[in-house]
Amino acid sequence: MPYTNTTAENRPDLDIIVAEHIGVEQPGFVGTKLLPILPQEKSSGKFHKILFSEIDKQILDNRKTSTSGYNRIERTTDKDSFDCEKYGLEEPLDEDDVARMGMIEAEAMTSGLVSFNNLRAQEKRIAAKICTSTFGSAYQQAVVAAWCNAGTAKPLRDMNNSKNKLVKNIGGTKVPGCKLTLTITDEQLAALLETDEIMSKSLYTRKLGEGQPSLEELKAYFNVDDIFVASARIKKELIFSNAFGLLAIVSDSQGLKMIPRLGNTFLWTGSTASNNVTQTYRDEVKEADIVRVKHHVDEKIITAPCGVLLTGVLA
Numbered sequence: 005m006p007y008t009n010t011t012a013e014n015r016p017d018l019d020i021i022v023a024e025h026i027g028v029e030q031p032g033f034v035g036t037k038l039l040p041i042l043p044q045e046k047s048s049g050k051f052h053k054i055l056f057s058e059i060d061k062q063i064l065d066n067r068k069t070s071t072s073g074y075n076r077i078e079r080t081t082d083k084d085s086f087d088c089e090k091y092g093l094e095e096p097l098d099e100d101d102v103a104r105m106g107m108i109e110a111e112a113m114t115s116g117l118v119s120f121n122n123l124r125a126q127e128k129r130i131a132a133k134i135c136t137s138t139f140g141s142a143y144q145q146a147v148v149a150a151w152c153n154a155g156t157a158k159p160l161r162d163m164n165n166s167k168n169k170l171v172k173n174i175g176g177t178k179v180p181g182c183k184l185t186l187t188i189t190d191e192q193l194a195a196l197l198e199t200d201e202i203m204s205k206s207l208y209t210r211k212l213g214e215g216q217p218s219l220e221e222l223k224a225y226f227n228v229d230d231i232f233v234a235s236a237r238i239k240k241e242l243i244f245s246n247a248f249g250l251l252a253i254v255s256d257s258q259g260l261k262m263i264p265r266l267g268n269t270f271l272w273t274g275s276t277a278s279n280n281v282t283q284t285y286r287d288e289v290k291e292a293d294i295v296r297v298k299h300h301v302d303e304k305i306i307t308a309p310c311g312v313l314l315t316g317v318l319a
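According to this note's numbering, the sequence shown is numbered sequentially starting from 5.
Now the structure itself:
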């Protein structure tokens, strides 16, 4: 039966079905892991953020004497702003699909496909920010050798060089309320696992036939909190570039004034309660039932020095 409403209505039931069928977190999508979602009650606004030069500020003497109070930490902040925009996609329900599988299944399938493509569009926007124009030369680190050169690649040295640069830029890599993360593509991961360095380490710790190291083992080897593997594609091409990897400090804390991070995705909850909201309505002009998936967001790099762009990862 066709929809009766000509004004788009939220369909939380379809949001739940899509989440159950395709997962709340789509595998291979890393954009909102790098720039975690921060729900906001307003569509735009200003906020104070900690200056990267203040991140490692310390009070050298924390002793209280009988005649003095405790020393106080005073940090200088900078002003920034966000401005959420509407993004979304629509697709009409196929009448043949409805007749063949029923309305519920047709809605679920169409909602899943539209959600998937909406996330791909978001992934593309975020990936476009992970580039040399965002991260100047002070925030880049060339790898010793491309990871596809199995015999000469030195991935652990690449990680340590990048961490040293991060320490130089912001004073450290372990910051309370944050995670130190490595973002690479699935093709970079495949090359990494075949390097002599990783293979030799595996032979010492794994029995013959046990396969390649897991991400958990790689996290321990590189001493990072998480590894994000980007595998989303458009027309068979990776959305995130094979030329770059990214070592970055990320946080989903609302404490922008105190906790440093690479960036966040500001989500206006007054328009969309989550990052993918499904709506349906009837378009009488085209005589079609329409499924829409949208979000109202601003994906923003807040502190570029909280990231180090690894260059030349795959030649």
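Backbone N, C-alpha and C fix where the C-beta goes; we use that ideal spot for every residue, glycine too.
| Item | Value |
| --- | --- |
| In chain order, what are the residue ranges of uninterrupted beta strand (DSSP E) at least 3 long that sit wholly in the segment 9 to 52? | 41 to 44 |
| Using the rule of at least 16 other Cβ atoms within 10 Å of the residue's Cβ for burial, across every protein chain shown, is Met203 buried or exposed? | exposed |
| Taking all protein chains shown into account, decide if Ala142 is buried (16 or more other Cβ within 10 angstroms of its Cβ) or exposed. | exposed |
| With DSSP as the reference, identify every bridge partner of Trp151, one or two as the case may be. | DSSP, once it has assigned bridges, lists no residue as partnering Trp151. |
| Excluding the 5 residues preceding and the 5 following Val301 in the sequence, name in chain order all residues of the same chain whose CB lies nearer than 6 Å to its CB. | Cys88, Thr269 and Leu271 |
| Checking 9 Å against the spacing of the C-beta atoms, do Thr315 and Ala146 come in under that value? | yes |
| Out of curiosity, what's the CA-to-CA distance linking Pro309 and Cys135? | 13 Å |
| Assess contact between the segment 282 to 294 and the segment 92 to 110, defined as three or more Cβ pairs (one per stretch) separated by less than 8 Å. Is contact present? | yes |
| Secondary structure at His299, three-state DSSP: helix, strand or coil? | strand |
| What are the uninterrupted segments assigned as beta strand (DSSP E) that are 3 or more residues long and contained completely in the segment 103 to 133, given in chain order? | none |
| Helix, strand or coil: how does DSSP classify Arg79 here? | coil |
| Starting from the C-beta of Ser72, find all residues in its chain whose C-beta is less than 6 Å away, skip the five residues before and the five after it, and write them out in chain order. | none |
| What's the call for Leu318, buried or exposed, on a 16-neighbour Cβ count within 10 Å? | buried |
| Starting from Lys172, trace the beta strand (DSSP E) in both directions and tell me its first and last residue. | Premise fails: Lys172 lies in the alpha helix (DSSP H), Pro159 to Ile174, not in any beta strand (DSSP E). |
| What is the DSSP secondary structure of Ile263, counted as helix, strand or coil? | coil |
| Quick one, which of Lys298, Val254, Ile263 and Ser48 has its alpha-carbon nearest Ile54's? | Ile263 |
| Would you tell me roughly how many angstroms separate the C-alpha atoms of Ala110 and Phe120, rounded to the nearest one? | 15 Å |
| Are at least three pairs of beta-carbons, each pair with one atom in the segment 151 to 165 and one in the segment 125 to 135, less than 8 Å apart? | no |
| What is the rounded straight-line gap between the Cα of Gln216 and the Cα of Lys240? | 25 Å |
| Using 9 Å as the threshold, is the C-beta distance between Val22 and Gly116 below it? | yes |
| Using the Cβ count rule (16 or more neighbours within 10 Å means buried), how would you classify Val171? | exposed |
| Check the Cβ-Cβ distances between Tyr7 and every residue of chain D, and say whether any is below 9 Å. | The question asks about chain D, but that chain is absent: this structure has only one protein chain. |
| So, Thr189 versus Ser235, is the Cβ gap smaller than 9 Å? | yes |
| How long is the line joining the alpha carbons of Val28 and Gly176, rounded to whole angstroms? | In this prediction, Val28 has a pLDDT of 49, which is less than 50 and means its spatial position is unreliable; what the coordinates show is noted afterwards. C-alpha separation (whole angstroms): 33 Å. |
| Would Arg265 be called buried (16 or more neighbouring beta carbons within 10 Å of its own) or exposed? | buried |
| Please classify Asn268: does DSSP put it in a helix, a strand, or coil? | strand |
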